[in-house]
Amino acid sequence: MKTAIIFGGKSTEYEISCLSAFNVLENLRGHEVFKIGITKDGEWFFTSASNEDIKSGKWTEWDNIPVTIDFSASTFVKNGEKMRFDVVFPVLHGKNGEDGTIQGLLELLRIPYVGAGVLSSAICMDKISANIFFAANGIPHVKWDYAVKRDIEEDVEGVVSRFEKLGYPVFIKPSNAGSSVGITKCRTKKEIFSAIQLSLTVDDRIIAEEGLSNLREIEVSVMGNDSSDIDCGIVGRVKSAKEVYDYDSKYNDPSSSNILPADIGEDLRRKIADIAKRAYRACNCKGLARVDFFLTGDDKIYINEINTLPGFTSISMYPMAFAKKGVSYSEMLDRLLNFAVKEHSKNE
């Protein structure tokens, strides 16, 4: 298929997107591939940069060609030439990539794309909205609360007092952010104040969540469109180098690792996978997602979040979980491309 890989973007996860795109490009087989990079300033380019230069971010130094779009013809345009793709893989994480915006553009262009649709992407990206959906579908979640910027500006003391009622420690995080950017574990009132200000630098909506002790972080890789074809990779556990599995722990600390399968017993892994599928369906996810959970010391299961376009780096759980199940990286990518085309054909 004529396949466009879109990477980069105006997001705090720009570098991770470039790493993910490198791995996708290195493992795509038998397709005519076009590379579209989005700079940190939001400029779109067709690029012939090497995969290595995409990985390092040096692709912007190449003689790239600006992207334009012809909405009347539903095509991308390169040097005046209209280009119609069979499928697009938006290897974009975080804002403007995983939140329904790029999905909406591709819907307008009537081009099949990998991953969840506009509404599902927006819901799962926004932690407040996602928690509301989880509650409505009986999917267990830790106690939580939220506030918007206006609430904080009018009565920050009241917001802090509400958050304190969740008990200490309490986690404060932006409602819209990926790769654990802006997350803070708070043990005092003063720390909550500081965490709120940090989160506001990322998003105008803030979520607070109860902090439980002796938690294990469990991740489930899910693939498929409909109930009949939804499949899970091997259920894994994240072993964080730090108390909080933040951006630095994920990507910069080599002592963090993924344990596959998770060391929690087969019955419990199966139960968590079943809940992951329920959450996936509840949010109407398509194509792929990684569903993350917290597991307490007494084996109580709480959903954390759904990532509709999880990382595809060399250390990312999603491709590793399917590889452990016997699905090669290339085969996994082919399945995702085919799911995209299949989903699009239903709406034509």
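Just so we're aligned, residue -4 is where the sequence shown starts under our numbering, counting upward by one. By construction, the Cβ of each residue, glycine as well, lies at the ideal position given by its N, Cα and C atoms.
For this session: Look at the Cβ atom of Ile301, then the Cβ atom of Cys119, and state whether they are nearer than 8 angstroms.
Result: yes
For this session: Pair every Cβ in the region 100 to 115 with every Cβ in the region 278 to 289, then say whether three or more of these pairs are closer than 8 angstroms.
Result: yes
Problem set entry | Own chain, CB closer than 6 angstroms to Glu326, minus 5 neighbours either side, in chain order | none
Exercise. Counting pairs of beta carbons, one from the region 313 to 331 and one from the region 92 to 103, are three or more of them closer than 8 angstroms?
Worked result: no
For this session: Apply the 10 Å Cβ neighbour rule to Pro314 and answer buried if 16 or more other Cβ atoms are within range, or exposed otherwise.
Result: buried
Problem set entry | Per-residue burial, Arg79 [other beta carbons within 10 Å of its own, 16 or more giving buried] | exposed
For this session: Classify Lys35 as buried or exposed, calling it buried when 16 or more other Cβ atoms lie within 10 Å of its own Cβ.
Result: exposed
Problem set entry | Nearest-angstrom Cβ-Cβ length linking Val176 and Thr7, presumed shorter than 8 angstroms | Right, their Cβ atoms sit about 5 angstroms apart.
Exercise. Between Asp287 and the rest of its own chain, which residues show a CB-CB distance below 6 angstroms, the 5 nearest in sequence each way excluded?
Worked result: Glu214, Asn299 and Glu300
Exercise. For Val143, which of helix, strand or coil comes out of DSSP?
Worked result: strand
Exercise. Does the distance from the C-beta atom of Thr42 to that of Leu332 stay below 8 angstroms?
Worked result: no
Exercise. Would the region 85 to 99 and the region 154 to 174 be scored as touching if the rule is three or more Cβ pairs under 8 angstroms?
Worked result: A contact exists between the region 85 to 99 and the region 154 to 174.
Problem set entry | Counted within 10 angstroms of its Cβ, other Cβ atoms place Tyr9 as buried (16 or more) or exposed | So Tyr9 ends up on the buried side.
Exercise. Distance, Cα to Cα, Gly25 vs Met(-4)?
Worked result: 8 angstroms
For this session: Locate the alpha helix (DSSP H) running through Cys119, then write down its first and last residues.
Result: Val113 to Met120
Problem set entry | Outcome for Phe66 when other beta-carbon atoms lying within 10 angstroms are tallied against a minimum of 16 | exposed
Exercise. How about Ile147 and Ile97: are their beta carbons less than 8 angstroms apart?
Worked result: No, the Cβ-Cβ distance between Ile147 and Ile97 is not below 8 angstroms.
Problem set entry | Leu234 versus Phe307: straight-line alpha-carbon distance, rounded | In the sequence as presented, Leu is not what sits at residue 234; that position holds Lys. Between Lys234 and Phe307, the C-alpha separation is close to 18 angstroms.
Exercise. Does the beta carbon of Met(-4) sit closer than 8 angstroms to a beta carbon anywhere in chain C?
Worked result: Absent from the structure: chain C. Only one protein chain is present.
For this session: Could you say which of Asn209, Leu255 and Arg265 lies nearest to Ser312 if we only look at CA atoms?
Result: In the sequence as presented, Ser is not what sits at residue 312; that position holds Met. With distances taken between Cα atoms, Met312 lies closest to Leu255.
Exercise. What residues in its chain sit with their C-beta under 7 angstroms from that of Lys345, if we drop five residues either side in the sequence?
Worked result: Residue 345 cannot be examined here, being either before or after the span of the chain that is shown, -4 to 343.
Problem set entry | Beta-carbon proximity of Ile1 to Val28, cut-off 8 angstroms | no
Exercise. Taking the alpha-carbon positions, what's the Ile123 to Asn74 distance?
Worked result: 42 angstroms
Problem set entry | Paired residues, beta bridge with Leu210 - DSSP | Answer is none; Leu210 lacks a bridge partner.
Problem set entry | Reduced DSSP category for Lys341 - H, G, I as helix; E, B as strand; rest coil | helix
For this session: Can you give me the Cβ contacts of Lys77 inside the same chain, cut-off strictly under 7 angstroms, excluding the 5 residues immediately before and after it?
Result: Asp65, Ala68 and Thr70
Exercise. How long is the line joining the alpha carbons of Asp375 and Arg232, rounded to whole angstroms?
Worked result: Absent from the model: residue 375. The displayed extent of the chain is -4 to 343, so no value can be given.
Exercise. Apart from the five residues on each side of it in sequence, which residues of its chain come closer than 8 angstroms, Cβ to Cβ, to Asp94?
Worked result: The beta carbon of Asp94 sits closer than 8 angstroms to those of Ser116, Ala117, Met120, Asp121 and Asn171, all from its chain and outside the five residues before and after it, given in chain order.
Problem set entry | N-terminal and C-terminal residue of the beta strand (DSSP E) that Ser12 is part of | Here Ser12 belongs to no beta strand (DSSP E); instead the alpha helix (DSSP H) covers Tyr9 to Asn22.
Problem set entry | Three-pair Cβ contact test at 8 angstroms for the region 157 to 169 versus the region 136 to 144 | At 8 angstroms Cβ cutoff, the stretches touch.
For this session: Within the same chain, show all residues whose beta-carbon is closer than 8 angstroms to that of Lys295, passing over the 5 residues directly before and after it, in chain order.
Result: Pro135
Problem set entry | Close beta carbons around Leu328, own chain, < 7 angstroms, minus the five adjacent residues each side | Val19, Asn22 and Leu23
Problem set entry | Close beta carbons around Val154, own chain, < 6 angstroms, minus the five adjacent residues each side | Ala142, Asp146 and Ile147
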